[in-house]
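Working notes, beginning with the structure itself.
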Amino acid sequence: MKPEREFVAERVVASHCPQLLRPGASQADLVTALSRTAEKLARELGSALAGLLGGDEPLVECSRPERTVYSDYATMQVMGHRNLGAYTLFGAGAANDRILGMVAGEVVLRLVDRAFGGAGVAPQQLPRELPLSAELMVHRLEAMLAGCLASALGAETADVIRPLRREGNIDHLAPFGNDEHIVALVFSITEPGRPAWAIEMAFPYDTLAALFANGERPPASAEHAPADPRAAPFADVPLPLSAVLVDMRVPLAAISALEVGQILPVPVARAVPLRVAGQTIGHGTVGAVDDRLAVQLSQIF
Numbered sequence: 007m008k009p010e011r012e013f014v015a016e017r018v019v020a021s022h023c024p025q026l027l028r029p030g031a032s033q034a035d036l037v038t039a040l041s042r043t044a045e046k047l048a049r050e051l052g053s054a055l056a057g058l059l060g061g062d063e064p065l066v067e068c069s070r071p072e073r074t075v076y077s078d079y080a081t082m083q084v085m086g087h088r089n090l091g092a093y094t095l096f097g098a099g100a101a102n103d104r105i106l107g108m109v110a111g112e113v114v115l116r117l118v119d120r121a122f123g124g125a126g127v128a129p130q131q132l133p134r135e136l137p138l139s140a141e142l143m144v145h146r147l148e149a150m151l152a153g154c155l156a157s158a159l160g161a162e163t164a165d166v167i168r169p170l171r172r173e174g175n176i177d178h179l180a181p182f183g184n185d186e187h188i189v190a191l192v193f194s195i196t197e198p199g200r201p202a203w204a205i206e207m208a209f210p211y212d213t214l215a216a217l218f219a220n221g222e223r224p225p226a227s228a229e230h231a232p233a234d235p236r237a238a239p240f241a242d243v244p245l246p247l248s249a250v251l252v253d254m255r256v257p258l259a260a261i262s263a264l265e266v267g268q269i270l271p272v273p274v275a276r277a278v279p280l281r282v283a284g285q286t287i288g289h290g291t292v293g294a295v296d297d298r299l300a301v302q303l304s305q306i307f
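Residues 7 to 307 in my numbering are what the sequence shown lists, from first letter to last.
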């Protein structure tokens, strides 16, 4: 007796395409992709802010991405903005991947003062919370930032980025875990004769992985390009082409009374539909060429 035996595969082993076997993007690749997107976002913000501020397009410059831990980032926010700001947690895509956007409370109050015709001055003693008069400005800033980011990411519609929650205090919002690693951006906005201000954003790495997948989007493969109907193997495929000269309704009583030799008046449409496999692909007019019935094409879909 031999204990050995020949093993036979239960099924054919799957052969995965290179795209499925490609490793995920590294953190460095994700930060590089974010840097390129941030440059586009800065240009989008410049145009959008011109409309929001009612003046010339301001200069918008983006800092280099800063890698940090959320707890350190939140501490710096509290120290730098006196615990008052417009903090918004945005959701990206169907999974609502988290993105933090922030404008300092003092800046929001200056923008509100400008909106009401003032010189753009905030009170020396800042309130503990943003007043109701600032809510509309915060909503406008949120909509502007979401639309600009969606455009910079190449999204077809602006609603792929949407605000989920907002707070005047970053600790109350708690957008990320304390030990979560994030990448922060600062967009500096400069207007002639006015104090500079900033829009800040922060992205956790899982959001960057969802936004950029394998770094930046690779170019479309030629294998997935639409097939050329004039090239092999499709060029020689025969398809039935029909021109519907007559399409009329006849009562059942008239059909049951039909006799050999009877003449039926047939109205020929001016625009004769051309069909392939039941699908109308164009229209034409009926005529004659070399004593043969012909259709001259007048419209192709």
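Using N, Cα and C, we set each Cβ at its ideal position, and we do this for glycine too.
Report task. With a floor of 4 residues, list each alpha helix (DSSP H) that falls wholly inside the stretch 53 to 137, ordered by position along the chain. Result -> 76 to 87, 111 to 121
Requested in this report: Specify whether the stretch 131 to 150 and the stretch 181 to 192 touch according to this definition: at least 3 beta carbon pairs, one from each stretch, less than 8 Å apart.
Outcome: no
Report task. Specify whether the stretch 260 to 273 and the stretch 199 to 215 touch according to this definition: at least 3 beta carbon pairs, one from each stretch, less than 8 Å apart. Result -> no
Report task. Could you have a look at residue 255 and say whether DSSP puts it in helix, strand or coil? Result -> Here the question's residue 255 lines up with position 249 in the sequence shown. In this structure, residue 255 counts as coil in the three-state DSSP scheme.
Query - For residue 39 and residue 220, the rounded distance between their alpha carbons - result: Along the sequence shown, one-based indexing puts residue 220 at 214. Along the sequence shown, one-based indexing puts residue 39 at 33. Residue confidence is low: residue 220 scores 46 on pLDDT, short of 50, so the model does not pin down where it sits. No coordinate-derived value is stated.
Query raised in the report: Do residue 116 and residue 126 come within 7 Å of each other at the CB atom, strictly closer than that value?
Result: To locate residue 126, count along the sequence shown from 1; it is residue 120. To locate residue 116, count along the sequence shown from 1; it is residue 110. Cβ atoms of residue 126 and residue 116: closer than 7 Å.
Requested in this report: Locate the beta strand (DSSP E) running through residue 168, then write down its first and last residues.
Outcome: Counting from one through the sequence shown, the residue named residue 168 turns up at place 162. Note, residue 168: beta strand (DSSP E), 167 to 173.
Query - alpha helix (DSSP H) segment containing residue 176, residue limits - result: To locate residue 176, count along the sequence shown from 1; it is residue 170. Unbroken alpha helix (DSSP H) run through residue 176: 176 to 179.
**Report entry** Whether residue 71 touches residue 41 by CB criterion (7 Å)
**Finding:** Here residue 71 is taken as the residue at index 65 of the sequence shown, counted from 1. Here residue 41 is taken as the residue at index 35 of the sequence shown, counted from 1. In this structure, residue 41 lies closer than 7 Å to residue 71 by Cβ.
Query raised in the report: Got a sec? Which residues, its chain only, sit under 7 Å from residue 112 by beta carbon, not counting five neighbours each side?
Result: Reading the sequence shown from its first residue, position 106 is the one you call residue 112. Cβ neighbours of residue 112 within its own chain (closer than 7 Å, five residues either side excluded): 128, 132.
Query raised in the report: Can you give the Cα-Cα distance for residue 246 and residue 258, rounded to whole angstroms?
Result: Within the sequence shown, the letter at position 240 stands for residue 246. Within the sequence shown, the letter at position 252 stands for residue 258. One C-alpha to the other measures close to 30 Å.
Query raised in the report: Among all the DSSP beta bridges, which residues are the ones paired with residue 192?
Result: For this step, residue 192 is matched to residue 186 along the sequence shown. Looking at the DSSP output, residue 192 shares a beta bridge with 206.
Query raised in the report: In whole angstroms, what separates the C-alpha of residue 261 from that of residue 165?
Result: Working through the sequence shown from its first residue, we reach residue 261 at position 255. Working through the sequence shown from its first residue, we reach residue 165 at position 159. Distance between the alpha carbons of residue 261 and residue 165 is about 58 Å.
**Report entry** Bridge partner(s) assigned by DSSP for residue 285
**Finding:** In the sequence shown, the residue the question calls residue 285 occupies position 279. BP columns for residue 285 point to 282.
Report task. Report back the beta-carbon spacing between residue 1 and residue 73 to the nearest angstrom; my notes put them in contact at under 8 Å. Result -> Look at the range of the chain in this structure, 7 to 307, and you will see that residue 1 is not part of it.
Query raised in the report: Does DSSP classify residue 293 as helix, strand or coil?
Result: Your numbering for residue 293 matches position 287 in the sequence shown. It is a strand residue.
Query raised in the report: Mapping DSSP to helix, strand and coil, what is residue 261?
Result: For the purposes of this step, residue 261 is taken as residue 255 along the sequence shown, with counting starting at 1. When DSSP states are grouped into helix, strand and coil, residue 261 belongs to the helix group.
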